[in-house]
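Numbering (this note's numbering), first residue to last: 500 to 551. Encoded as structure tokens, the structure appears first; notes follow it.
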């Protein structure tokens, strides 16, 4: 089983309220690590209104 990178990307710029249709899920295989590299996994991400 190859590890997969799952990304939620912006599919379209929202007009008015943000809707699920403005995003899409993209999956891509993870590349092998080179010597001296590490891989990290994010568990949480904060996106606050004042961060524009």
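Think of the CB as a built atom: it goes at the ideal place given N, C-alpha and C, for glycine as much as any other residue. Model, not experiment: these values are computed from the prediction.
Specify, as a first and last residue, the run of the beta strand (DSSP E) that residue i falls within.
| i | result |
| --- | --- |
| residue 522 | 522-528 |
| residue 504 | 503-509 |
Please work out which residues of its chain come closer than 8 angstroms, Cβ to Cβ, to residue i, disregarding the five sequence neighbours upstream and downstream, and give them in chain order.
| i | result |
| --- | --- |
| residue 501 | 528, 529 |
Tell me which residues share the same chain as residue i and place their Cβ nearer than 6 angstroms to its Cβ, disregarding the 5 neighbours each side in the sequence.
| i | result |
| --- | --- |
| residue 505 | 526 |
So, helix, strand or coil for residue i, using DSSP?
| i | result |
| --- | --- |
| residue 513 | coil |
| residue 453 | What the structure shows of the chain is the stretch from 500 to 551, and residue 453 is not part of that stretch, so it cannot be assessed. |
My understanding is that residue i touches residue j, with C-beta atoms under 8 angstroms, so please give their C-beta distance in whole angstroms.
| i | j | result |
| --- | --- | --- |
| residue 533 | residue 521 | The pair is not a contact, with the Cβ atoms about 35 angstroms apart (cut-off 8 angstroms). |
| residue 523 | residue 508 | 6 angstroms |
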